[in-house]
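> Positions in the sequence shown are counted from 1; adding 5 to them yields my numbering.
Using N, Cα and C, we set each Cβ at its ideal position, and we do this for glycine too.
Quick caveat, the model's predicted, so the values are computed rather than measured.
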Amino acid sequence: MKNVAPERWQKIKAVVLDIDGILTDGRIGYGTGSPEEIKFFHVRDGHGIKLAMRAGFAVGVLSGRKSAANCRRAEELGLSFVYEGKKDKQSAFAELLAEQNLCADEVLYMGDDTVDLQVMRQAGIAVTVADAPCYMDVAADFRTQHNGGQGAVREVIDQLLMQSGKWQVVMARYGLEDYKF
């Protein structure tokens with residue numbers, strides 16, 4: 006893991022997540038008799054997202070695919086924004102920044118594949134997951150210990166909360182305000 010300077014963590018206002026391979030393990034299932042995709046999302050990632058939003062961070066998704074499962078999970082979590090079906094992620098990221106009134110260095114972005122590289126190069130903090138291809142490290146500030154869809158988002162959000170000084174406030178209700186990584 007590369008060191009991320011404390012001032013970079015302090016600038017972060019929003020977390021932008023890819024979906025397939027970040028919020029899910031990247032697998033997509035199709036049932037017979039139903040056109041709907043089946044995806045699995047990790048509950049700890051979802052709770053981490055809620056913690057981040059409680060701490061005042063905007064959290065949303067930027068995905069190349071459009072899926073009813075994605076929309077359902079986004080709605081369930083009450084995400085701050087949803088950009089899906091965006092094949093050109095670099096253009097979509099520019100759109101997201103403008104619409105959400107953000108600068109690129111105020112965004113932590115998590116991606117796992119080549120379509121994410123351009124956005125990762127622009128983001129204030131760029132993260133990839135443990136099971137992403139090794140060449141993702143060219144744009145990543147660090148690689149998680151957890152695989153995509155298996156708690157990687159929570160791992161990053163815990164770091165963000167700790168590094169931004171918001172851990173104590175958010176974790177007080179759980180009795181973890183004094184916990185140190």
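Using 8 Å for Cβ pairs, my map puts A60 next to K171. What's the rounded Cβ distance?
At roughly 4 Å, the Cβ-Cβ gap stays under 8 Å, so A60 and K171 are in contact.
> In angstroms, rounded to a whole number, what distance separates the CA positions of G34 and G154?
Their Cα atoms are separated by approximately 14 Å.
> Can you give me the Cβ contacts of S85 inside the same chain, cut-off strictly under 6 Å, excluding the 5 residues immediately before and after it?
Excluding positions up to five away in sequence, the list reads A63, V64, G65.
> According to DSSP, what are the bridge partners of I130?
DSSP lists L113 as partners of I130.
> With C-beta atoms as the reference, is G53 less than 8 Å away from R159?
Their beta carbons are under 8 Å apart, which means G53 touches R159 by this criterion.
> Indicate whether G129 and K16 have their beta-carbon atoms separated by less than 8 Å.
Cβ atoms of G129 and K16: closer than 8 Å.
> List the whole-angstrom C-beta distance separating F147 from V134, where the pair is believed to meet the contact cut-off of C-beta under 8 Å.
With 8 Å as the limit, F147 and V134 do not qualify as a contact, their Cβ atoms being about 10 Å apart.
> With DSSP as the reference, label G53 as helix, strand or coil.
Three-state result, G53: helix.
> Name the residue from Q164, C76, L165, Y114 whose alpha carbon lies nearest to the alpha carbon of M141.
Ranking Q164, C76, L165, Y114 by Cα distance to M141 puts Y114 first.
> Compute the distance between the beta-carbons of Q123 and Q150, then report whether it is under 8 Å.
Contact flag unset, no.
> Could you tell me the alpha carbon to alpha carbon distance between E182 and T37, rounded to whole angstroms?
Approximately 48 Å between the Cα atoms of the pair.
> According to DSSP, is E100 part of a helix, a strand, or is it coil?
If DSSP states are grouped into helix, strand and coil, E100 belongs with the helices.
> How would you call N75, buried or exposed, if buried means at least 16 neighbouring beta carbons within 10 angstroms?
N75 should be labelled buried.
> Alpha carbon to alpha carbon, how far is E12 from F46? Give it in angstroms, no decimals.
One C-alpha to the other measures close to 31 Å.
> Compare the C-beta of L102 against all C-beta atoms of chain C and say whether one is closer than 8 Å.
This model lacks chain C altogether; it includes just one protein chain.
> For E89, which of L67, L82, E100 has the nearest alpha-carbon?
Looking at the Cα atoms, L67 is the closest of the given residues.
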